[in-house]
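In numbering that gives the first Met the number 0, the protein residues as written are 0 to 312.
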Amino acid sequence: MTKIVALAGGVGGAKLAWGLAKVCDKEDLTIIVNTGDDFEHFGLKISPDLDTVCYALADLANPQTGWGRNSETWHVLEELKRFGGPDWFNLGDKDLALHLERTRLLNEGHSLSDVTRSLCGSLDVAQNVLPMSDQPVRTKIVTKEYGVLPFQEYFVKYKCQPTMENVFFEGIESAKMTLKGRKAIEECDLVIFCPSNPWVSIDPILGVEDTRKIISTKTCVAVSPIIGGQTVKGPAAKMYKEMGIEPSALAVAEHYDDVIKGIVIDRSDENQVKQIIQCGIMCIATKTIMSDNADREQLARETIFFANRLKKV
Numbered sequence: 000m001t002k003i004v005a006l007a008g009g010v011g012g013a014k015l016a017w018g019l020a021k022v023c024d025k026e027d028l029t030i031i032v033n034t035g036d037d038f039e040h041f042g043l044k045i046s047p048d049l050d051t052v053c054y055a056l057a058d059l060a061n062p063q064t065g066w067g068r069n070s071e072t073w074h075v076l077e078e079l080k081r082f083g084g085p086d087w088f089n090l091g092d093k094d095l096a097l098h099l100e101r102t103r104l105l106n107e108g109h110s111l112s113d114v115t116r117s118l119c120g121s122l123d124v125a126q127n128v129l130p131m132s133d134q135p136v137r138t139k140i141v142t143k144e145y146g147v148l149p150f151q152e153y154f155v156k157y158k159c160q161p162t163m164e165n166v167f168f169e170g171i172e173s174a175k176m177t178l179k180g181r182k183a184i185e186e187c188d189l190v191i192f193c194p195s196n197p198w199v200s201i202d203p204i205l206g207v208e209d210t211r212k213i214i215s216t217k218t219c220v221a222v223s224p225i226i227g228g229q230t231v232k233g234p235a236a237k238m239y240k241e242m243g244i245e246p247s248a249l250a251v252a253e254h255y256d257d258v259i260k261g262i263v264i265d266r267s268d269e270n271q272v273k274q275i276i277q278c279g280i281m282c283i284a285t286k287t288i289m290s291d292n293a294d295r296e297q298l299a300r301e302t303i304f305f306a307n308r309l310k311k312v
């Protein structure tokens with residue numbers, strides 16, 4: 000069978016990860032997740048992208064938001080507001096339980112990889128889900144209005160409104176690939192970049208140790224998160240504009256041009272196929288908006304089929 004490594008972060012990444020999990024045998028799929036968004040809040044160690052991917056795979060994600068738990072309650076947050084505590088980051092009661100357990104295990108000395116595996120077991124997630132590194136990496140957004148902001152403050156507290164001037168990943172120089180992550184990438188047949196934000200979801204993963212170098216030797220296909228110059232969720236298109244780049248499927252292809260062999264774009268951007276191919280990157284246009292589970296599975300199948308074709312070229 001074809002062994003696949005998927006790189007993911009955010010809601011779009013979690014949706015395609017779910018689709019890949021439905022069409023791949025569990026032993027043939029490894030999902031490596033961005034942890035640059037991780038942060039501490041009320042002394043709790045929170046991994047937003049890991050949680051979003053795991054909740055999606057467990058069919059526990061909030062269907063309206065794509066993040067957080069379904070059928071969530073908010074008693075703790077409501078009481079927190081009563082006492083005047085910071086309430087800018089929404090912590091649901093069920094979600095809070097996971098953060099408490101992660102923090103307890105990490106404080107006992109367990110690695111983030113081991114903790115993630117334990118939590119996945121409790122959530123009945125059969126797929127191999129790995130953090131990009133067991134060492135902390137923190138995404139920092141350099142903004143015009145507020146200077147350097149931790150990503151979650153930029154993303155949640157300020158709702159992506161500040162102007163991004165740059166982005167950097169604190170701690171990336173000392174971060175190491177997990178042994179299981181390295182083994183999965185070295186032994187895989189295909190690497191798929193899920194439709195996640197290139198700047199703050201995929202770039203941190205590629206920046207860990209020699210991840211980019213190893214992946215560049217593989218058959219790697221990206222799914223563009225930019226559709227018609229916009230993103231379904233998140234600030235990727237806004238970030239491209241503020242970095243002086245017109246947001247487009249072509250811009251995403253150029254962002255990854257040293258590592259990918261192909262890219263899947265939405266039918267609405269079909270007029271960009273020729274330009275992308277002229278950059279030396281193969282391209283197909285299909286429906287990439289994942290409105291329901293059937294869309295997720297179909298996009299997963301088409302992406303794998305396309306990548307397997309490129310593997311033979």
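Note that the Cβ used here is the ideal one computed from N, Cα and C, for glycine as well.
With DSSP as the reference, identify every bridge partner of residue i, one or two as the case may be.
i              : result
aspartate 265  : Thr285
histidine 40   : Leu43
proline 130    : Val32
tyrosine 244   : One point to set straight first is that residue 244 is isoleucine, not tyrosine, in the sequence displayed. Answer is none; isoleucine 244 lacks a bridge partner.
asparagine 165 : Val141
cysteine 219   : Val190
proline 149    : Lys139
Can you say whether residue i is buried or exposed, counting buried as having 16 or more other CB atoms within 10 angstroms of its CB?
i                 : result
cysteine 119      : buried
asparagine 33     : buried
methionine 0      : exposed
aspartate 256     : exposed
phenylalanine 192 : buried
cysteine 278      : exposed
lysine 44         : buried
Checking 8 Å against the spacing of the C-beta atoms, do residue i and residue j come in under that value?
i              : j             : result
proline 203    : valine 272    : no
tyrosine 239   : alanine 250   : yes
valine 263     : threonine 302 : yes
glycine 91     : glutamate 78  : no
methionine 281 : glycine 261   : yes
alanine 313    : valine 222    : Any property of residue 313 remains undetermined from this structure, which presents the chain solely from 0 to 312.
arginine 68    : aspartate 48  : no
threonine 51   : alanine 13    : yes
Once the 5 residues before and after residue i are set aside, which same chain residues still bring their CB inside 6 Å of it?
i                : result
phenylalanine 88 : His40, Val155
proline 234      : Cys159
valine 207       : Met131, Ser132, Ala174, Met176
Apart from the five residues just before and just after residue i, which ones in its own chain have a Cβ nearer than 8 Å to its Cβ?
i             : result
glutamine 274 : Leu249
proline 316   : No statement about residue 316 is possible, as the shown extent of the chain runs from 0 to 312 and does not include it.
Output needed for residue i: all residues of its chain with C-beta closer than 7 Å, excluding positions within five of it in sequence on either side, in chain order.
i          : result
valine 231 : Gly11, Ile288
Jot down the residue ranges of each uninterrupted beta strand (DSSP E) in the region 192-216, minimum 3 residues, whole runs only, in chain order. Here no run is fully enclosed.
Starting from the N-terminal side, write out each stretch of the alpha helix (DSSP H) that is 4 residues or longer and does not extend beyond the region 61-131. Entirely contained in the region 61-131, the alpha helix (DSSP H) runs reaching 4 residues are, in chain order, 74-81, 92-106, 111-121.
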